[in-house]
Every structure is written in C-alpha cells, then in structure tokens.
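**Q**
Numbering (the working numbering), first residue to last: 211 to 427.
1) Do residue 401 and residue 340 have their C-beta atoms within less than 8 Å of each other?
2) Please classify residue 280: does DSSP put it in a helix, a strand, or coil?
3) Rounded to the nearest angstrom, how far is the Cβ of residue 382 from that of residue 263, given a contact under 8 Å?
4) Please state the DSSP three-state secondary structure of residue 346.
5) Verify the CB distance criterion: does residue 215 have a CB-CB separation below 8 Å to chain B?
6) Assess, as a yes-or-no matter, whether the stretch 224-237 is touched by the stretch 348-363 under the definition of 3 or more beta carbon pairs within less than 8 Å.
7) Which runs of the alpha helix (DSSP H), 4 residues or longer, sit entirely within the stretch 292-346?
8) Using 8 Å as the cut-off, can you tell me whether the stretch 356-372 makes contact with the stretch 304-316, which would need three or more C-beta pairs spanning the two stretches below that distance?
9) Please list the terminal residues of the continuous alpha helix (DSSP H) segment that includes residue 358.
10) Taking residue 265 as part of the alpha helix (DSSP H), name the residues at either end of that continuous run.
11) Which of the three DSSP states, helix, strand or coil, is assigned to residue 254?
12) Closest to residue 358 by CA distance: which of 270, 377, 335 and 388 is it?
13) Within this structure, are the beta carbons of residue 322 and residue 215 separated by less than 8 Å?
14) Consult DSSP for residue 220 and reduce its assignment to one of helix, strand or coil.
15) Around the Cβ of residue 396, are there at least 16 other Cβ atoms within 10 angstroms (buried) or fewer (exposed)?
16) Please state if the CB of residue 291 and the CB of residue 229 are separated by a distance shorter than 8 Å.
17) Cβ of residue 225 within 8 Å of Cβ of residue 330?
18) Quick one: grab the DSSP three-state call for residue 377.
19) Should residue 406 and residue 231 be called a contact, given that it needs their Cβ atoms to be closer than 8 Å?
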C-alpha cells in the first residue's frame, strides 16, 4: 500500500507542478504587452483594446464556466471559434488535471507523512517534473518554429490553427513571440516549483529522527 501510494503521489506531484505552471503563466495576463512584441496592429486598436481581447481569450481558456468566446473589438470566423474551443479543451486538461493532482498530493502525501514520515514522493515527483523543461528547452531553443508546428500537429487533428488574418485578425495580435515567451515562462515556472518541492522534502526529512519519529522542535 505504501509503495503504491508513493508512486501515485509522485505522479500527482509532477502533474500538479505542470498544471500549476501552465495555469499561472496563462493567468498572468499583465505580461501580454511585453510578451507580444512584433504584433501587427492591423485594426488600429488601442493598447487597452488589444489587452481586452487577450483577456477574453485567457478567461475563455482558463474558466470552464465561460462557454463562448467573444472578442471585444475583432471579428472571428466559425473555424477560428472552433479552434479556440479545441484549444480550451487542452488547457482544461492542464487546469483541471492540475487541481485534481493537487488534491491527490494533499490526500496521499498527508497519509504517507502521518503513517510513515515519508517525503520521497515529493523529490521523485519534482525530479520527473524538472526533467520535462530540461528536455523540452533544447528543441524549443534550437528551432521554435518547428517545435511550434509539431506541437500543433500532435495536439490537433486538423489545420484550423493556421489562421487567415483576413477572417481572424486576432492572429495579428498573437505573434510567435507571445507563444515562445509563454512556453519558456512555463518551463521556468516548472523549474522553480520543482526546486521548491525538493527543498520542501528536505525540510520535512530533517524533522524526522533516525528512529522514524517526528522532531517536534
């Protein structure tokens, strides 16, 4: 039972770190002006209007109760709306999967800690999560364009992600730099959370005496 709980808890830690990182970076909507360098202001929008459109996209992607996407000042085609709906499904896997994983970490982790003073699942899960950005950073840094295309070909079973600016001008306001910087921000967040989790595991281990008893001081 202990071994199974440790394996499940380790996997949950890794998923929680991934889901939390994706959610946190997307939720940081204030980064849009800095992350979207090179955008084409084809509709001559104000900075506030551009931000409002981006905010609607993020709210639609992150919040399951937001059922429809309505951009403030830009038109959108049916195919464009369909792609955003498919992208929302993917983002919800990260958001809801991360939340479920966090709950599992609390439940399984509490049991492992109370019964066995075990913290190894924290380190194991963090190492798994830490390996992800270290591996993905290489192809992203070498050829982001190719990595971007490959990701979309894997994630989507159609080519609706190839927007036509004439029918979906929102693509002019979502430049490649935005996706690239968000991707690297997610990787950095994963590294930071992984390191923090490893340190937490070490702190908890120091509270355990050689005989397996907790040091209450």
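We put the CB at the ideal spot given by N, CA and C, even for glycine.
**A** In terms of the structure at hand:
1) Counting from 1 along the chain shown, the entry for residue 401 is found at position 191. Counting from 1 along the chain shown, the entry for residue 340 is found at position 130. Yes, these two residues count as a Cβ contact at 8 Å.
2) Position 70 of the chain shown holds residue 280. Reduced to three states, the DSSP call for residue 280 is coil.
3) The sequence position of residue 382 within the chain shown is 172, counting from 1. The sequence position of residue 263 within the chain shown is 53, counting from 1. 11 Å between Cβ atoms; not a contact.
4) Position 136 of the chain shown, counted from the start, is the residue given in the question as residue 346. Assigned with DSSP and collapsed to three states, residue 346 falls in helix.
5) Absence of chain B from the displayed structure is noted, only one protein chain being present.
6) Output reads no: the stretch 224-237 does not touch the stretch 348-363.
7) none
8) no
9) Residue numbering aside, residue 358 sits at position 148 when the chain shown is read from its first letter. 354-365 is the span of the alpha helix (DSSP H), which, as asked, contains residue 358.
10) For the purposes of this step, residue 265 is identified with residue 55 of the chain shown, where counting begins at 1. Note, residue 265: alpha helix (DSSP H), 257-272.
11) Taking the chain shown and counting its residues from 1, one reaches residue 254 at position 44. Reduced to three states, the DSSP call for residue 254 is coil.
12) Within the chain shown, the letter at position 148 stands for residue 358. In terms of CA proximity to residue 358, 388 leads the group 270, 377, 335 and 388.
13) The count along the chain shown starts at 1 and reaches residue 322 at position 112. The count along the chain shown starts at 1 and reaches residue 215 at position 5. Result yes, Cβ atoms of residue 322 and residue 215 sit closer than 8 Å.
14) Translated into positions along the chain shown, residue 220 becomes position 10. If DSSP states are grouped into helix, strand and coil, residue 220 belongs with the helices.
15) Sequence index remark: in the chain shown, residue 396 carries index 186 (1-based). So residue 396 counts as buried.
16) In the chain shown, the residue the question calls residue 229 occupies position 19. In the chain shown, the residue the question calls residue 291 occupies position 81. Taking 8 Å as the Cβ cut-off, residue 229 and residue 291 do not qualify as a contacting pair.
17) As a first step, residue 225 must be located in the chain shown, where it is residue number 15. As a first step, residue 330 must be located in the chain shown, where it is residue number 120. Going by C-beta atoms, residue 225 is not nearer than 8 Å to residue 330.
18) Position 167 of the chain shown, counting from 1, holds the residue named residue 377. Of the three classes helix, strand and coil, the one that applies to residue 377 here is coil, per DSSP.
19) Stepping through the chain shown from its first residue, residue 406 is reached at position 196. Stepping through the chain shown from its first residue, residue 231 is reached at position 21. It is not a contact, given that the beta carbons lie outside the stated cut-off.
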